[in-house]
Structure formats: structure tokens, C-alpha cells
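To start, the structure under review is shown below, and the notes come after it.
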Amino acid sequence: MKRSMLLAVLALVGLTVTGVAYAAWTQNITVQGNVSTGTFDIKWTNLTLDRSGEPTFEGNYVAQIEDCSVTNDGHTIRYRVTKAFPGWSSKIRCTIKNAGTTPAALSFDPGEGSTLVVEMSPDVTGYQLGVDGEKSVEIAVRVPYGLGEESEDQTYSFTLTVNGTQWHQESGQ
205 MKRSMLLAVL ALVGLTVTGV AYAAWTQNIT VQGNVSTGTF DIKWTNLTLD
255 RSGEPTFEGN YVAQIEDCSV TNDGHTIRYR VTKAFPGWSS KIRCTIKNAG
305 TTPAALSFDP GEGSTLVVEM SPDVTGYQLG VDGEKSVEIA VRVPYGLGEE
355 SEDQTYSFTL TVNGTQWHQE SGQ
């Protein structure tokens, strides 16, 4: 009986020592944090119209630019011309601005299906626009020669799109 009592006491002491050792060697650490996301907002600003290449008749412009404006949100340029003719052209000078808090990568989509020639210079594809960054561009709109009589009394529409994508550089690049 002494022997079994001794074994029981030794087992109890062994478990106690193991428990103390385990408790002495454990520790918890935590990470707490908050992440706030930024904003993404590219827009058109500083819109001006260059009519220098546009023909005039007795001091008056023949074609009438009825509207050349930026919408309140800055995401769309409205442009409407009447009485245009083959060879007529104009240029819109404007700025693409990153008004958000996240860098942007730009790409250009000239659209399709319009009889008009619409070009952006410089092509902004691949251009990276930092926070508060700006890129000045020129948009040329031209009615090409050689359209024939079927182009008379027509309305032509076009859509030119600048796409912005969140941009960040990976480490080591």
C-alpha cells in the first residue's frame, strides 16, 4: 500500500510539474487593426475648345458647336455640333484628373462605328496617374472628306472612353 501511495503521489507531482511547465511556457499575442479603403475617381477637367482650324465665312463660323461641356460629376464630356461638313474639324483640350486617393492606370478606347474621325493625343494607354495627378490631352474631331451626298443632313455620334483601373506596383517591380 505504501508503494501504491508513493506511485500515486509521484504521478500527482509529475502531472503538477507538467501543468506548471506548460502554463509557464504558453503565451498569446494578438494583432488588432483597422483598414480604411480609399476612393477612386478620375474625371475630365479644364475643358477648352480650340476652333483655330475651323473655316469661317465672312467672319462667322459655319458649323455651330451647340454644346461642349463636362457633366457635374466630371465623367462625361458633352459635345454637339450642327451644320458640320466634310473637312470640318475642331479640337477639345482637357485634362484627365485623378480626384481620388488611389493611383490609376489609364487606357483609351476610341469607340467604333462612327463616320467621324475622333483621335486623342497623346494616347493615354498605360499612363499611370498618381493621387492628385493630371494628364493633359487633346481630342480632335473631324468630318472626313469623300463621304458623298449620303452624308448630308445626318447626325453622327461617337463615344470616346478613357478607362481607369486601380493601379499599384508590386514589391520588387
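Our numbering applies: residue 205 is where the sequence shown begins, and numbers increase by one.
We put the beta carbon where it would ideally sit given N, CA and C, even for glycine.
Going by C-alpha distance, which of K287, T359 and L253 is nearest C272?
As a first step, residue 272 must be located in the sequence shown, where it is residue number 68. Among K287, T359 and L253, the Cα nearest to that of C272 belongs to L253.
Cutting at 6 Å between CB atoms, please list the residues of its own chain near A288, excluding the five before and the five after it.
Locating residue 288 in the sequence shown gives position 84, counting from the first residue. Cβ within range, chain order: A267 and V347.
How many angstroms separate the CA atom of L246 from the CA atom of Q332?
Indexing the sequence shown from 1 puts residue 246 at position 42. Indexing the sequence shown from 1 puts residue 332 at position 128. Residue identity differs from the one stated: residue 246 is Ile in this sequence, not Leu. Cα to Cα, I246 sits roughly 12 Å from Q332.
Using the C-alpha atoms, what's the distance from N367 back to M279?
Looking up residue 279 in the sequence shown gives position 75. Looking up residue 367 in the sequence shown gives position 163. The amino acid occupying residue 279 in the given sequence is His; Met does not appear at that position. Distance between the alpha carbons of H279 and N367 is about 11 Å.
Which residue marks the beginning of the beta strand (DSSP E) containing D245, and which one marks its end?
To locate residue 245, count along the sequence shown from 1; it is residue 41. First-last for D245: undefined, no H or E at that position.
Output the residue ranges of the alpha helix (DSSP H) runs that lie fully inside the stretch 256–307 and measure 4 residues or longer, sorted by chain position.
Runs found: none.
Report buried or exposed for Y283, applying the criterion of at least 16 other Cβ atoms within 10 angstroms of its Cβ.
Numbered from its first residue, the sequence shown carries residue 283 at position 79. Buried: at least 16 other Cβ atoms inside 10 Å.
Where does S355 fall in DSSP's three states?
Position 151 of the sequence shown, counting from 1, holds the residue named residue 355. Reduced to three states, the DSSP call for S355 is helix.
When you compare each of G350, Q358 and Q370 to V335 by their alpha carbons, which one comes out closest?
In the sequence shown, residue 335 corresponds to position 131, counting from 1. When each option's Cα is compared against that of V335, the closest is Q370.
Measuring alpha carbon to alpha carbon, tell me which residue in E270, V322 and W292 is nearest L364.
Residue 364 sits at position 160 when you count from the first residue of the sequence shown. Ranking the options by Cα distance to L364, first place goes to V322.
Is there a C-beta anywhere in chain D that falls below 8 Å from the one on Q358?
Protein chain content of the structure displayed is limited to a single chain, and chain D is not contained in it.
Looking at L351: is its Cβ nearer than 8 Å to the Cβ of P290?
Residue numbering aside, residue 351 sits at position 147 when the sequence shown is read from its first letter. Residue numbering aside, residue 290 sits at position 86 when the sequence shown is read from its first letter. Against a cut-off of 8 Å, the Cβ pair of P290 and L351 comes out as a contact.
Rounding to the nearest angstrom, what Cα-Cα distance links R297 and V274 in this structure?
Locating residue 297 in the sequence shown gives position 93, counting from the first residue. Locating residue 274 in the sequence shown gives position 70, counting from the first residue. Using only the alpha carbons, I get a separation of about 12 Å.
Between which residues of its own chain and A303 is the CB-CB distance below 6 Å, once the five residues before and five after are set aside?
For the purposes of this step, residue 303 is taken as the residue at position 99 of the sequence shown. Once the five neighbours on either side are set aside, the close Cβ partners of A303 are D245 and K247.
Do you know whose CA, among W292, S311 and L216, lies nearest L320's CA?
Here the question's residue 320 lines up with position 116 in the sequence shown. Of W292, S311 and L216, the residue nearest in Cα terms is W292.
Quick check on DSSP: helix, strand or coil for M205?
As a first step, residue 205 must be located in the sequence shown, where it is residue number 1. If DSSP states are grouped into helix, strand and coil, M205 belongs with coil.
If T305 and T243 are in contact, beta carbons under 8 Å, what's the gap, nearest whole angstrom?
As a first step, residue 305 must be located in the sequence shown, where it is residue number 101. As a first step, residue 243 must be located in the sequence shown, where it is residue number 39. Contact flag correct, Cβ pair sits at about 5 Å.
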